[in-house]
Each structure stands twice: as structure tokens, then as C-alpha cells.
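Heads up: the sequence shown is residues 3 to 179, going by my numbering.
All remarks here apply to the structure that follows.
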Amino acid sequence: MLEEKFESLTLEYTYLLTQQLESQREFFEKKLLFVEEEAMDRILCVEAEVQKATEECSKYQVLAESSKSSLNEERKRGEEDRKRLEKKLETLNARFQDMDKELGEERELNKSLRSNQREWIAKVVSGEEALARLQSQYMSETQELREQIKDLMFHLQSQAAIGSSPMREDIQSGEVH
């Protein structure tokens, strides 16, 4: 009965541990996927912004060439827009760098969690092996004690039978008539 309870608790603990580690793995895989998708979205946005900025610069250059009277004015506006877009590009690049760093940290965390999972699995296997050894030792000791109790009971019953026998004194003195 005690062995069944111990085995049940061991199985329940193993199940809970496995379930918790699986849950953590799924959580971090989802988070990693989310971070990767967000980084890709931001990269696409940055590329679109760069493309847009490039197109705007080209547009302003064509307008400047077609109109000599507004050349200086258009050039100033084009420069301002270019600077604004370059600043925006720098900002987006910095954000991309941060997201890339965060992605690396998430990957390291995921690697660490997988390593911890392997360690716990090894500990559980080791614990199960130790439990099996202890159970085997317990069973052999129990069997030995049962045999000793059986011998002791036989001895006590023999003593009681001799004590109540009318030939008690002859049996104790070891004489046969």
C-alpha cells in the first residue's frame, strides 16, 4: 500500500514536472516567434520607409531640374525631408538593433530552459532508479524479517507446547522413557 502511494506520488510529480516544462517551452517558443515576426514587420516597415524616402528624393530632384526658379527652395525642402527620414531611419535601425538583441536573449533563455529540462529528466530517471533499488532492498529485508518471525513463532509455540505438556520435566531434562 505504501509502495503504491509512493509510486503514485512519484508518477504525479514526474507528470507535473513534465507538464510545467512543456508549458514553459511552449510559452517561450510563442514569445520567440512573436519577437521574430515583430522584427520582420519592422524591417519591412524600415525598407518601405527607405524606398519611400528614395522615391521622394528622386521626385524632388526631377522637380528641381524642371524648375530653375525654385531650385534652391526645392533643394532645401528635399534636404529637410532627407534629414528627417535619415533620422527616422536611424531611430528604426536602433529599434531593430534592440529587437535583435532581445531576440538573442530570448534564444539564450530558451537554450537554458532546454538544458534545465534535460537536467530534470536526468534527475527524475536517477530518482526512479534509486527508488527501484530501495524497493528491491525493502522487499528482500521484508522477506527476511517474515522468515525470522515465522521461526520465532514456531519457537514460541514449541515452548508453549512443552510448557503445557505433562511430560514437561522429561522433555526439559532431555530424558526419554
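Note that CB positions come from ideal geometry on N, CA and C, so glycine has one too.
Three or more C-beta pairs closer than 8 Å, one from the stretch 26-44 and one from the stretch 103-119: is that the case here? By the Cβ rule, the stretch 26-44 counts as touching the stretch 103-119, because three or more pairs are nearer than 8 Å.
Do residue 87 and residue 54 have their C-beta atoms within less than 9 Å of each other? yes
Inter-residue CB distance, residue 98 and residue 48 (contact presumed, cutoff 8 Å): Yes, residue 98 and residue 48 are in contact; Cβ-Cβ is about 7 Å, under 8 Å.
C-beta contact flag for residue 27 and residue 115 at 9 Å: yes
Determine the DSSP secondary structure at residue 3, reduced to helix, strand or coil. coil
Any idea what DSSP makes of residue 101, helix, strand or coil? helix
Tell me whether the stretch 125-137 and the stretch 79-95 touch, counting them as touching only if at least three CB pairs, one residue from each stretch, are closer than 8 Å. no
Is residue 169 helix, strand or coil when you go by DSSP? coil
How about residue 23 and residue 118: do their beta carbons lie closer than 9 Å? In this structure, residue 118 lies closer than 9 Å to residue 23 by Cβ.
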